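If you count by my numbering, then the sequence shown holds residues 22 to 153, one letter each, in order.
Note that CB positions come from ideal geometry on N, CA and C, so glycine has one too.
Note that this is a predicted model, so its numbers are computed, not measured.
Accompanying notes for the structure given below.
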Amino acid sequence: MILVDTSVLVAWLDASHEHHRICTESLEHWSGRDELAVSAVAYAELAAGARTREAVDDWLSGFRRIEIDFDAAWRAGVAFRQFRPGKGEGDPVLPDFLIRGQAAILACRHLTNDRRRRKVWPEVDWVFPEDR
């Protein structure tokens, strides 16, 4: 299973996004090799910019849906604690940590455009859109 990050989903859904083509090609590539999944956290992030729930459900119809559990939430919180504003990497965003916490606990690949703060996730098998 490959847990797809919101950064990839947003680029895939927005034809004008600078990473649209590579993210679309990456999703097509990986969907033929493994099951693609989306976190309830990514679903919430997409809902923030969507007009209707039906639209989000339609966009994600080909993805397995993964609920966040307490083990993943704990792992995310521990990693989040390591970062504070002013460390030179920008302010961390908790949803990013929650999705990565799920990838860590589920021991699955994580397809993302975001290369920041990878060192706190040694157990995550990172996949980037250009990896094909």
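Original post:
Between which two residues does the beta strand (DSSP E) carrying Asp146 extend?
Top reply: The residue you call residue 146 lines up with position 125 of the sequence shown. Residues Asp146 to Val148.
Original post:
Which of the three DSSP states, helix, strand or coil, is assigned to Leu34?
Top reply: On the sequence shown, position 13 is the one that residue 34 refers to. Leu34 falls in the helix class under three-state DSSP.
Original post:
On the premise that Leu81 lies in contact with Val59, defined as a C-beta separation below 8 Å, what is that separation, rounded to the nearest angstrom?
Top reply: Translated into positions along the sequence shown, residue 59 becomes position 38. Translated into positions along the sequence shown, residue 81 becomes position 60. Separation of the CB atoms of Val59 and Leu81 is rounded to 5 Å, and the pair is thereby assigned contact status at 8 Å.
**OP:** Would you kindly check if the distance between the Cβ of His41 and the Cβ of Asn134 is under 8 Å?
**Re:** The residue given as residue 134 occupies position 113 in the sequence shown. The residue given as residue 41 occupies position 20 in the sequence shown. With contacts defined by Cβ atoms closer than 8 Å, Asn134 and His41 do not form a contacting pair.
Original post:
The beta strand (DSSP E) with Leu24 in it runs from where to where?
Top reply: Within the sequence shown, the letter at position 3 stands for residue 24. Under the DSSP assignment, Leu24 falls in the beta strand (DSSP E) whose first and last residues are Ile23 to Val25.
**OP:** Determine the DSSP secondary structure at Leu127, reduced to helix, strand or coil.
**Re:** What you label residue 127 is simply residue 106 of the sequence shown in a count that begins at 1. In the structure shown, Leu127 adopts helical secondary structure according to DSSP, grouped into three states.
Original post:
Where do the N-terminal and C-terminal ends of the alpha helix (DSSP H) with Leu48 fall, by residue?
Top reply: The count along the sequence shown starts at 1 and reaches residue 48 at position 27. Segment His41 to Ser52, the alpha helix (DSSP H) holding Leu48.
Subject >> Secondary structure of Ser28, DSSP reduced to three states >> reply: Reading the sequence shown from its first residue, position 7 is the one you call residue 28. Under the three-state reduction of DSSP, Ser28 is assigned to helix.
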